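So the number in my numbering is just where the residue sits in the sequence shown, counting from 1, plus 658.
Even for Gly, the Cβ is constructed at its ideal location relative to N, Cα and C.
Being a predicted model, the structure only gives us computed values, none of them experimental.
Working notes for the structure below.
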Amino acid sequence: MVDLADLRALPLPILYVGATAIFVLAIAALRLISNSLPSKAPPVFEGLPFIGGIMKFASGPMNLMSDGYKQYGEVFTVPVLHKNFTFLLGPHVSGHFFKANDDEMSQKEVYEFNVPTFGKGVVFDVDHKVRAEQFKFFAEALKSAKLKLYVPHFVREAEDYFAKWGDEGEVDFSKVFSELIILTASRTLMGREVRESMFHQVADLFHDLDMGMLPISVIFPYLPIPAHWNRDRARKELAKIFSRIIQARRESNTKEDDMLQSFIESRYEKVHGGRYLNDEEITGMLTATLFAGQHTSSITSSWTGLTMIRDKAAWAAAEEEQRAVVQKRGEELSIDALNDMEVLGRNMTEALRLFPPLIMLLRAAKASFAVTTSTGKTFVIPKGHVVATSPAFAHRLPHVFHDPDSFDPERFVAPREEDKAAPFSFIGFGGGRHGCMGSNFAILQIKSIWSVLLRNFEFELVDPFPEPDFESMVVGPKPCRVRYRRRKLTL
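Pasting the structure below:
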């Protein structure tokens, strides 16, 4: 037995270290006991108390989810500092995540770090009643009638961009599509004035906004660092530019076929006394729209091309479909022609299944809720947890998708239709109440671009097929050179 007098004789630093070690071991033992006892709370996947969760996140979210899934299955909790992250992996346990309303599962608390970029008074800086009306404005600007007007701009920008290529050469799709997507977005979202007169200025400002979105920004969005200072300066300059454009349109009563015009004409119904959107809100919503689509569309365009080039059968099927569409509708790439391209659409969807740009989707649990796993276990996720699901992980589950690591666009065709075997099996565009409102916009945009390429070029990979770059906040392919040769598709 230890004599207290002996303990008092020890130096204080040694006592502190010893007490800390005993405390940590006690917490670890309690964690092991709690995980082994029958409980409705999710099992805790932590390792070393206090720092184990941080270390697991530091190893990369895919490694974390893979290890947690192997040990505990579809539901587990990872403590990180003062927060608990509960993972719901796969369609059997993610229904509530997608179907719950904002009073039950909230986006605001987990995405508030976007406020300095988007601005005050929009999206994640407002309560759910205001946000719901603002989302209606987004939806109105993305209706079929509007999309029909956007398609000619997609096609024209793509044709102009690729007209500058030589007869043959090497490119990196990531760079190509990053440039092209912002060109198409500048015309369809931000308007003719930006595209024709101030594209480079606005593109530079958006670049500074983008560079101000760092991993540290998620935790400390107002940290006084150069990247944040440049972000804040760029946001103020964008507000000035768009205010001038908005004022000029209102004074001249000019109407344009772009999202900016839709927002100028948008008016609240149940909040803010029924007023029109003000200039600051319009700037914020345009910024949010571009951020929501720029990286995701450029990355999906890259993966669509890379996977088709690697899979010769998929490329040949997409080429043959282009011939059939031309014979049916002529050479014009209209919205009807694009909607006919089911093969290209499946190739894109399969690329998005394998390589979704967003690794995790997050919500804050505003009320406790229960989930039941595919093996019949029921867990209760406590109020206050940050809840995460993952397209990247869920899309690779073998009990959901057959041979999930293979590129197989035919998995979406009847009678297989693997994406429909269970609700929320395919979540490349999210799902439920907060599914991606811009999905149809993105599909038409990417189909337009790849239709132009399929009709005018052939490609081959110069470098090995790239791995995903998990170091980025939005995950695209690592650099990969592709060789192109100009040719005309034979009909």
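Quiz item: Taking Cβ positions, are residue 1093 and residue 950 nearer each other than 8 Å?
Solution: Start at 1 with the first residue of the sequence shown, and residue 1093 comes out as number 435. Start at 1 with the first residue of the sequence shown, and residue 950 comes out as number 292. No, Cβ-Cβ distance for residue 1093 and residue 950 is not below 8 Å.
Quiz prompt | Closest Cα partner of residue 1058 within the set 903, 1080, 1047, 967 | solution = Numbered from its first residue, the sequence shown carries residue 1058 at position 400. Selected option, being the one with the closest Cα: 1080.
Practice problem: Starting from the N-terminal side, write out each stretch of the alpha helix (DSSP H) that is 4 residues or longer and does not extend beyond the stretch 796-820. | Solution: 802-820
Quiz item: Taking all protein chains shown into account, do 16 or more other C-beta atoms lie within 10 angstroms of the C-beta of residue 1146, making it buried, or fewer, making it exposed?
Solution: As a position in the sequence shown, residue 1146 is number 488, starting the count at 1. With fewer than 16 Cβ atoms within 10 Å of its Cβ, residue 1146 is classed as exposed.
Self-check item: Cβ-based neighbour list, residue 696, same chain, cut-off 6 Å, excluding 5 preceding and 5 following
Solution: Residue mapping note: residue 696 aligns to position 38 of the sequence shown, counting from 1. Here the model assigns residue 696 a pLDDT of 44, short of 50, so the residue's position is not dependable and the matter cannot be decided.
Self-check item: Collapsed DSSP secondary structure at residue 662 in the structure displayed
Solution: Residue numbering aside, residue 662 sits at position 4 when the sequence shown is read from its first letter. In this prediction, residue 662 scores a pLDDT of 41, lower than 50, which makes its location untrustworthy; no coordinate-derived value is stated.
Self-check item: residue 1135 and residue 960 closer than 8 Å at C-beta
Solution: In the sequence shown, residue 1135 corresponds to position 477, counting from 1. In the sequence shown, residue 960 corresponds to position 302, counting from 1. It is a contact, given that the beta carbons lie within the stated cut-off.
Practice problem: Mind reading off the beta-carbon distance from residue 843 to residue 948? Whole number of angstroms is fine, and I expect it under 8 Å. | Solution: Reading the sequence shown from its first residue, position 185 is the one you call residue 843. Reading the sequence shown from its first residue, position 290 is the one you call residue 948. Going by Cβ atoms, the distance from residue 843 to residue 948 rounds to 6 Å, so yes, they are a contact pair.
Quiz item: Would a C-beta distance cut-off of 8 Å place residue 1142 and residue 768 closer than the cut-off?
Solution: Taking the sequence shown and counting its residues from 1, one reaches residue 1142 at position 484. Taking the sequence shown and counting its residues from 1, one reaches residue 768 at position 110. Taking 8 Å as the Cβ cut-off, residue 1142 and residue 768 do not qualify as a contacting pair.
Quiz item: Between the C-alpha atoms of residue 1006 and residue 723, what's the straight-line distance to the nearest angstrom?
Solution: The residue given as residue 1006 occupies position 348 in the sequence shown. The residue given as residue 723 occupies position 65 in the sequence shown. So the two alpha carbons sit approximately 25 Å from each other.
Quiz item: When you compare only the Cα positions, how much space is there between residue 1009 and residue 810?
Solution: As a working mapping, residue 1009 is identified with position 351 in the sequence shown. As a working mapping, residue 810 is identified with position 152 in the sequence shown. About 25 Å.
Quiz item: Going straight from the alpha carbon of residue 943 to that of residue 920, what length do you get?
Solution: As a position in the sequence shown, residue 943 is number 285, starting the count at 1. As a position in the sequence shown, residue 920 is number 262, starting the count at 1. One C-alpha to the other measures close to 11 Å.
Practice problem: With distances taken Cα to Cα, identify the nearest neighbour of residue 739 among 753, 715, 1098. | Solution: Along the sequence shown, one-based indexing puts residue 739 at 81. Of the listed residues, the one whose Cα sits closest to residue 739 is 715.
Quiz prompt | Residues near residue 757 in its chain [Cβ-Cβ closer than 6 Å; skip 5 each side] | solution = For the purposes of this step, residue 757 is identified with residue 99 of the sequence shown, where counting begins at 1. Result list for residue 757: 1090, in chain order.
Quiz item: What do you get for residue 1034, buried or exposed, if any count of 16 or more other CB atoms within 10 angstroms of its CB means buried?
Solution: Against the sequence shown, residue 1034 aligns to sequence position 376. Residue 1034 comes out exposed.
Quiz item: If you draw a straight line from the alpha carbon of residue 737 to that of residue 713, how long is it in whole angstroms?
Solution: Against the sequence shown, residue 737 aligns to sequence position 79. Against the sequence shown, residue 713 aligns to sequence position 55. Approximately 11 Å between the Cα atoms of the pair.
Quiz item: In this structure, what does DSSP give as the bridge partners for residue 829?
Solution: Sequence index remark: in the sequence shown, residue 829 carries index 171 (1-based). Paired residue(s): 1140.
Quiz item: If you check the beta carbons only, do residue 937 and residue 910 fall under 8 Å apart?
Solution: Translated into positions along the sequence shown, residue 937 becomes position 279. Translated into positions along the sequence shown, residue 910 becomes position 252. No, the Cβ-Cβ distance between residue 937 and residue 910 is not below 8 Å.
Quiz item: If you follow the beta strand (DSSP E) that residue 962 is part of, which residue opens it and which one closes it?
Solution: Working through the sequence shown from its first residue, we reach residue 962 at position 304. No beta strand (DSSP E) holds residue 962; the alpha helix (DSSP H) holding it covers 937-968.
Quiz prompt | Other residues of its chain near residue 1121: CB distance less than 6 Å, five sequence neighbours each side excluded | solution = Your numbering for residue 1121 matches position 463 in the sequence shown. Cβ within range, chain order: 1138, 1139.
Exercise. State yes or no: is the C-beta of residue 1119 within less than 8 Å of the C-beta of residue 967?
Key: Here the question's residue 1119 lines up with position 461 in the sequence shown. Here the question's residue 967 lines up with position 309 in the sequence shown. Yes, the pair counts as a contact, with Cβ atoms nearer than the cut-off.
Practice problem: Tell whether a beta-carbon distance below 8 Å holds between residue 786 and residue 760. | Solution: As a first step, residue 786 must be located in the sequence shown, where it is residue number 128. As a first step, residue 760 must be located in the sequence shown, where it is residue number 102. A contact, by the Cβ cut-off of 8 Å.
Practice problem: Inspect the beta-carbon positions of residue 974 and residue 983 and report whether they are closer than 8 Å. | Solution: For the purposes of this step, residue 974 is taken as residue 316 along the sequence shown, with counting starting at 1. For the purposes of this step, residue 983 is taken as residue 325 along the sequence shown, with counting starting at 1. The answer is no: Cβ separation not under 8 Å.
Exercise. Using the Cα positions of residue 1061 and residue 1117, report the straight-line distance between them to the nearest angstrom.
Key: The sequence position of residue 1061 within the sequence shown is 403, counting from 1. The sequence position of residue 1117 within the sequence shown is 459, counting from 1. Computed Cα separation, rounded: 27 Å.
Quiz prompt | Three-state class that DSSP yields for residue 1116 in the structure shown | solution = Looking up residue 1116 in the sequence shown gives position 458. Strand at residue 1116.
Exercise. Leaving out five residues on either side along the sequence, give the residues of the same chain with a beta carbon under 6 Å from the beta carbon of residue 776.
Key: In the sequence shown, residue 776 corresponds to position 118, counting from 1. Hits under 6 Å: 942, 945, 946.
Quiz item: Per DSSP, what kind of secondary structure is residue 738 in: helix, strand or coil?
Solution: What you label residue 738 is simply residue 80 of the sequence shown in a count that begins at 1. Correct three-state label for residue 738: strand.
Practice problem: Can you grab the Cα-Cα spacing for the pair residue 1132 / residue 744, in whole Å? | Solution: The residue you call residue 1132 lines up with position 474 of the sequence shown. The residue you call residue 744 lines up with position 86 of the sequence shown. Taking the straight line joining both Cα atoms gives about 21 Å.
Quiz item: Is any beta-carbon of chain D found at less than 8 Å from that of residue 1149?
Solution: Reference to chain D is not applicable here, since this structure consists of a single protein chain.
Exercise. Could you tell me which uninterrupted alpha helix (DSSP H) segments, each at least 4 residues in length, are contained entirely in the stretch 887-923, listed from first to last along the chain?
Key: 917-922
Quiz item: So, helix, strand or coil for residue 746, using DSSP?
Solution: On the sequence shown, residue 746 is found 88 positions in, with the first residue counted as 1. It is a strand residue.
Quiz item: Should residue 1128 and residue 720 be called a contact, given that it needs their Cβ atoms to be closer than 8 Å?
Solution: The sequence position of residue 1128 within the sequence shown is 470, counting from 1. The sequence position of residue 720 within the sequence shown is 62, counting from 1. Against a cut-off of 8 Å, the Cβ pair of residue 720 and residue 1128 comes out as a contact.
Quiz item: Per DSSP, what kind of secondary structure is residue 1046 in: helix, strand or coil?
Solution: As a first step, residue 1046 is located in the sequence shown; it is residue number 388 there, counting from the start. Residue 1046: strand per DSSP, three-state reduction.
Practice problem: Apply the 10 Å Cβ neighbour rule to residue 727 and answer buried if 16 or more other Cβ atoms are within range, or exposed otherwise. | Solution: Looking up residue 727 in the sequence shown gives position 69. Buried, since its Cβ has 16 or more Cβ neighbours within 10 Å.
Self-check item: Element boundaries [beta strand (DSSP E), containing residue 1029]
Solution: Within the sequence shown, residue 1029 is the residue found at index 371, counting from 1. Run containing residue 1029: 1027-1030, per the beta strand (DSSP E) assignment.
Self-check item: Neighbourhood of residue 1015 by C-beta distance below 7 Å, restricted to the same chain and skipping five residues each side
Solution: For the purposes of this step, residue 1015 is identified with residue 357 of the sequence shown, where counting begins at 1. Result list for residue 1015: 953, 954, 957, 958, 1132, 1133, 1134, in chain order.
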